[in-house]
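Numbering (this note's numbering), first residue to last: 239 to 399.
See below:
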């Protein structure tokens, strides 16, 4: 996870000067801001501008704000991070997603049909006996679930408890 940090003063002067800062290098948001101040030490009172960010859940960073719970998110294991990110992609804010994650059922598959055939492998052989509209079946299978797709096109079917 990283953020490109510039300042409003630089931006208003027509410059995009700044640097990418890796968040994993800091234990707290205060340490991160100290690094931002060191980067822009030529300004007496820099107003930081977060111009771009990578691998950070939706809603955790804006142009001038970082969610205070982001470092709590960074302390989660990779599995938990993936699940919290899937929830945030559905509109949960970071705090809600972190709270809901342990009580939520996640199914990670490329398609709902992958999940259906994993649970019921004998269904694949039914085509010899029955004609089944699998696309229709798939669209109805997860009607009470929400779907979140990540950058690698893996779908997470999510049902809150």
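Backbone N, C-alpha and C fix where the C-beta goes; we use that ideal spot for every residue, glycine too.
Counting every other CB atom within 10 Å of its CB across the protein chains shown gives residue 335 a total of 16 or more, marking it as buried.
Residue 287 sits close to residue 249, with the two beta carbons spaced by under 8 Å. In the structure shown, residue 329 adopts coil according to DSSP, grouped into three states. For residue 270, the enclosing alpha helix (DSSP H) starts and ends at 267-277. Shown here for residue 275: same chain residues with a beta carbon closer than 8 Å to its own, the five before and five after excluded, namely 284 in chain order.
Rounded to whole angstroms, the gap between the alpha carbons of residue 338 and residue 332 is 10 Å.
In the structure shown, the three-state DSSP call for residue 242 is strand.
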